[in-house]
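Trainee: Could you have a look at this structure, given as structure tokens, before my questions?
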Amino acid sequence: MAEEVKLKVTIDGISVEVAPGTTILNAARQIGGDIVPPAMCYYSKLEGSGGKCRTCLVKVSKGSEKDPRPMPKLVASCRTTVMDGMEVENITSPDVVDARKAVVEMLLINHPLDCPVCDQAGECKLQDLGFEHGSAQTRYEFERRTFERIDIGDKIQLHMNRCILCYRCVFVADQITDKRTHGIIGRGDHAEISTYIQNVVENDFSGNVIDVCPVGALTDKTFRFKNRVWFTKPVDAHRDCPTCSGKVTLWYKGKDAIRVTARKDEFGEVEEFICNTCRFDKKETSDWKLEEPTPISDQSVISSNHYTHFNPPAVIENNPVLQEQNLEQLARTEKLK
Amino acid sequence: MARKLLLTHIDVPGIHTFEVYRQKGGYRAVEKALKTMSPDDVVEEVKKSGLRGRGGAGFPTGMKWSFLAKPEGVPRYLVCNGDESEPGTFKDRFLMTHIPHALLEGMIVSSYALGAKTSYIYVRGEMMPQIRILEKAIEEAKVAGFLGKNILGTGYDLEIYVQPGGGAYICGEETALLESLEGKRGNPRIKPPFPAIAGLYGCPTVVNNVESIAATVPIINDGGEEYAKIGIERSTGTKLISAGGNLVRPGVYEIELGLPVEEFIYSDEYCGGIANGKRLKAVVAGGSSVPILPTNLILKTINGNNRLMTYESLADGGFQTGTSMGSGGFIAFDEDQCIVRNTWNFTRFYHHESCGQCSPCREGTGWMEKVLHKIEMGHGDLSDIELLWDIQRRIEGNTICPLGDAAAWPVAAAIRHFRDEFEWHINHPQDALTHNFGLAHYADPLTPIVS
Ligand SMILES: Cc1cc2nc3c(=O)[nH]c(=O)nc-3n(C[C@H](O)[C@H](O)[C@H](O)COP(=O)(O)O)c2cc1C
Ligand code: SF4
Ligand code: SF4
Ligand code: FES
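Protein sequences appear in the order of chains A and B. Oh and the first sequence: position 81 is 80 in numbering that gives the first Met the number 0, straight run, nothing missing. Oh and the second sequence: position 229 is 228 in numbering that gives the first Met the number 0, straight run, nothing missing.
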């Protein structure tokens with residue numbers, strides 16, 4: 000068998016070998032950890048996504064082994080494929096950090112920081128991004144655009160105030176739903192996600208727009224404000240579904256499943272899109288075969304207060320010095336076990 | 000009198016008709032190319048001519064053509080960019096209106112060179128008169144056997160369609176234009192792939208400006224080498240300049256590249272000086288997106304050389320002390336014009352026209368507009384100048400298409416060269432508003448705009 004071609008790319012000093020055609024972002028995801036650029040508009044399951052929000056900008060300090068020249072501008076890592084010998088700077092480049100800060104500032108111009116009331120709190124990528132790269136204060140002093148909430152269909156609510164125009168829901172509408180009725184109207188910062196006049200979004204897969212929305216612009220009306228996500232317990236489950244794979248996460252509050260979503264990977268992107276019947280109509284435990292608690296990153300607020308099993312961070316396990324210093328934290332963690 | 004190649008017969012009555020255009024030697028280039036040259040020969044001549052794209056970026060046309068992918072069994076397209084929406088630029092519509100056959104002749108020659116059997120002229124939707132004129136010209140050329148099946152019996156088939164555009168500035172950006180031509184929203188595509196590999200309907204495509212395409216006619220008639228003798232250095236041939244602003248004689252001029260800027264402004268052959276005996280304050284040399292330069296820098300480069308109407312000389316000094324040929328929209332400002340107001344006005348345009356895909360452009364253009372408006376309306380703060388600088392810096396280079404840069408550069412250049420005017424506005428809000436900048440009637444000057 001012919002040897003598989005692999006390209007070597009180094010991101011923030013860490014090298015990885017990847018298949019040709021891999022983007023810088025996905026190469027970084029293979030390495031994992033802090034050097035993975037944030038991504039608000041790229042979505043691995045949606046063809047053609049990415050390139051828009053500019054949160055994933057990185058610096059290519061060496062183009063390739065063949066042509067070592069650096070790239071003149073920062074590039075969108077989600078849409079730039081790697082070359083053999085490429086060297087990329089992400090968090091090690093002040094330019095990148097500055098550009099990202101700028102993007103956060105721009106995104107927050109027309110996205111209110113109403114996290115305490117937003118239904119996406121705890122699951123919002125912009126909140127994470129703002130926390131990591133934002134400034135404590137905004138320099139924007141003008142009136143922001145505001146909208147009334149709109150029910151697009153009986154199950155989904157759109158709150159354009161929060162939309163960051165990442166186009167993900169538009170790609171969903173385009174790529175996985177029938178009889179598309181929703182898209183973008185208008186240009187620039189007057190652009191809006193909208194349905195055709197007076198139309199609703201109703202087709203078997205329309206609920207997926209909720210899952211892909213990185214902020215709280217599209218929310219599930221059957222779950223909105225029923226609870227905070229960190230008070231729920233997610234459990235993987237499946238059912239025999241004629242329309243989709245039927246593999247979902249059930250979000251329990253006590254004994255009640257109060258929300259059904261698709262299962263998401265570590266980057267918050269769904270593994271398989273699910274149909275509306277599974278999402279909206281099957282909320283009894285008896286509808287499902289339960290598997291096991293959904294693995295949740297201990298970085299996520301969703302994990303607060305519930306552990307599947309005791310799993311202290313690796314740094315405590317392997318590093319006696321740190322372990323010593325972290326005795327107090329360890330003790331606290333033990334108590335919560 | 001300077002030599003003219005595109006507008007030679009502009010004053011001949013009826014030159015917009017096939018008959019008169021033909022009498023004046025029109026369509027010779029089609030006969031020559033199709034009957035005596037191979038497509039590669041035509042590409043070679045265009046390469047030799049040194050012609051650079053007249054749409055703004057100045058990329059060598061022959062080289063662009065040679066990048067076109069030629070896979071078997073896949074159609075190739077030539078698309079003429081007649082969107083022309085850059086504020087200050089109005090040369091293409093002049094050409095399309097008055098000598099539409101010059102564009103058609105260029106389209107046929109260029110399509111032949113590229114092996115395109117279907118070509119499109121994309122014209123901004125609002126330009127209905129030009130669309131009608133071109134459609135009529137196509138009919139005439141067809142009847143005369145210069146378009147359609149088996150042109151002049153050479154076996155070459157070509158159809159040309161005129162497509163009204165979406166009426167948005169962004170639809171002039173070549174990939175947004177292709178999206179629009181395909182019937183979609185005019186959002187720029189992310190490159191790569193470039194249109195030469197995957198353009199219209201995913202097929203190899205060349206997008207060229209109206210003037211670039213028309214310029215292939217004299218190149219084929221006289222040969223690329225002859226064309227390259229006109230102009231200087233890497234700026235060969237002639238260039239249409241649309242001159243506007245406070246000039247004695249604004250209009251569309253065909254100049255030989257290499258003409259001193261000073262001569263262009265002041266000589267009677269061209270703009271005839273600044274209107275009403277006023278002094279020149281500043282010039283935007285290539286359409287609203289290129290950096291504005293104050294009088295001293297537009298007439299001379301930083302080294303004291305005469306600034307010439309060439310790609311190199313205008314860009315001499317980079318954006319610190321130079322500018323760009325852009326699309327040839329030459330706007331002169333007299334001493335009474337307000338740079339802050341003008342910058343606000345340009346920014347208003349870019350804000351309105353941003354397609355909204357990239358966060359820095361979508362939000363940043365609007366932010367800049369509001370800050371400039373605030374300064375202009377007498378509510379500015381000195382820190383606003385730094386803020387503006389910072390916003391433009393963070394848009395530039397960080398977006399999908401060059402509209403972000405186009406929005407950032409005018410702001411950067413205005414601050415770089417006219418910072419004192421911004422400061423004056425901020426320090427003397429009332430004076431600024433009554434300083435005969437023609438603003439007093441515009442709005443209640445001190446209406447609060449900050450909520
Ligand atoms: C926002 C934007 C608007 C543009 N508008 C035009 C236009 O109206 N006409 C044009 O010829 N080129 C326009 N361009 C440049 C085109 O993208 C492209 O470079 C040009 O049509 C190529 O033709 P050329 O090589 O003959 O210059 C625009 C570019 C941008 C970024
Ligand atoms: S509604 Fe959500 S998914 Fe759709 S564009 Fe806005 S932010 Fe993106
Ligand atoms: S730079 Fe502006 S116009 Fe260009 S793609 Fe981005 S948002 Fe659209
Ligand atoms: S994730 Fe790459 S630009 Fe949005």
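Note that CB positions come from ideal geometry on N, CA and C, so glycine has one too. Source: prediction; values computed, not measured.
(1) Taking beta-carbon pairs under 7 Å, can you tell me which members of the stretch 100-120 of chain A lie near chain B?
(2) Expressed to the nearest angstrom, what Euclidean distance is found between the alpha-carbon atoms of A190 (chain A) and S288 (chain B)?
(3) Is any heavy atom of ligand 2 found at a distance shorter than 6 Å from the C-beta of L107 (chain A)?
(4) Should the stretch 191-199 of chain B be called in touch with the stretch 259-278 of chain B, which here means at least 3 C-beta pairs below 8 Å?
(5) Which class does A18 (chain A) belong to by DSSP, given the choice of helix, strand or coil?
(6) At the 7 Å Cβ level, is Q319 (chain B) part of the contact set with chain A, yes or no?
(7) Beta-carbon separation of P38 (chain B) and F348 (chain B) under 7 Å?
(8) Is S109 (chain B) buried or exposed, if buried means 16 or more other CB atoms sit within 10 Å of its CB?
(9) F146 (chain A) CB to nearest chain B CB: under 7 Å?
(10) Residues of chain E with CB closer than 8 Å to the CB of R186 (chain A), please, in chain order.
(11) Around the Cβ of E395 (chain B), are there at least 16 other Cβ atoms within 10 angstroms (buried) or fewer (exposed)?
(12) When DSSP labels each residue in this structure, what does A135 (chain A) get in the three-state scheme?
(13) Quick check: the Cα distance between V370 (chain B) and M85 (chain A), rounded to an integer number of angstroms?
(14) Look at I218 (chain B) and E44 (chain B) and say whether their C-beta atoms are less than 7 Å apart.
(15) Looking at the C-beta of G236 (chain B), does it have a partner C-beta in chain A at a distance below 7 Å?
(16) Quick check: does the Cβ of L50 (chain B) come within less than 6 Å of any heavy atom belonging to ligand 2?
(17) Per DSSP, G81 (chain B) forms a beta bridge with which residues?
(18) Nearest CA to the CA of W388 (chain B): which residue from B:A1, B:T342 and B:L292?
(19) Run through DSSP, which three-state label would W287 (chain A) get?
(20) For R68 (chain A), decide whether its Cβ has a neighbour in chain B, counting only Cβ atoms nearer than 7 Å.
(21) With respect to 6 Å, is the separation between the Cβ of A115 (chain B) and the closest non-hydrogen atom of ligand 5 below this value?
(22) Using a beta-carbon distance below 7 Å, is P359 (chain B) in contact with chain A?
(23) Using the beta-carbon count (16 or more within 10 Å), is E122 (chain A) buried or exposed?
(24) Nearest by alpha-carbon distance to E339 (chain A): which of A:G31, A:V247 and A:R258 is it?
(25) Would you mind sorting Y441 (chain B) into buried or exposed? The rule is 16 or more other CB atoms within 10 Å of its CB.
(26) Within the same chain, show all residues whose beta-carbon is closer than 7 Å to that of Y265 (chain B), passing over the 5 residues directly before and after it, in chain order.
(27) Report yes if the C-beta of V209 (chain B) is less than 6 Å from at least one heavy atom of ligand 2; otherwise report no.
(28) Based on the DSSP output, what are the partners of P59 (chain B) in its beta bridges?
(29) Please tell me whether, using a cut-off of 6 Å, the distance from the CB of R188 (chain B) to the nearest non-hydrogen atom of ligand 3 is below it.
(30) Would a C-beta distance cut-off of 7 Å place I338 (chain B) and F417 (chain B) closer than the cut-off?
(31) Starting from the beta carbon of I342 (chain B), find every residue of chain A whose beta carbon is closer than 7 Å, and list them in chain order.
(32) Could you confirm whether any beta carbon from chain B is found closer than 7 Å to the beta carbon of K51 (chain A)?
(33) Can you pull every residue whose C-beta falls closer than 6 Å to some heavy atom of ligand 3, listed in chain order?
(34) Confirm, please, whether the CB-CB distance from T398 (chain B) to C360 (chain B) is below 7 Å.
(35) Using beta-carbon positions only, say whether S211 (chain B) and I159 (chain B) come within less than 7 Å of one another.
(36) Can you name the start and end residues of the alpha helix (DSSP H) that G47 (chain A) belongs to?
Mentor: Result, derived from the coordinates:
(1) A101, V102, M105, L106, I108 and N109
(2) 23 Å
(3) no
(4) no
(5) coil
(6) no
(7) no
(8) buried
(9) no
(10) No chain E is present in this structure, whose protein chains are A and B.
(11) buried
(12) coil
(13) 40 Å
(14) yes
(15) no
(16) no
(17) B:V122
(18) B:T342
(19) coil
(20) no
(21) Questions concerning ligand 5 fall outside what the structure shown contains, since the ligands it does hold are ligand 1, ligand 2, ligand 3 and ligand 4.
(22) yes
(23) buried
(24) Absent from the model: residue 339 (chain A). The displayed extent of chain A is 0 to 336, so no value can be given.
(25) Residue confidence for Y441 (chain B) is low, a pLDDT of 42 falling below 50, so the modelled location carries little weight and cannot support an answer.
(26) G272
(27) no
(28) B:R51
(29) no
(30) yes
(31) Correcting the residue identity first, residue 342 (chain B) is Thr in this sequence and not Ile. None at all; the shortest Cβ gap to chain A is about 17 Å.
(32) yes
(33) B:I169, B:P187, B:S353, B:C354, B:G355, B:Q356, B:C357, B:C360, B:R361, B:T398, B:I399, B:C400, B:L402 and B:G403
(34) yes
(35) no
(36) It is not in any alpha helix (DSSP H) - G47 (chain A) carries neither H nor E in the DSSP assignment.
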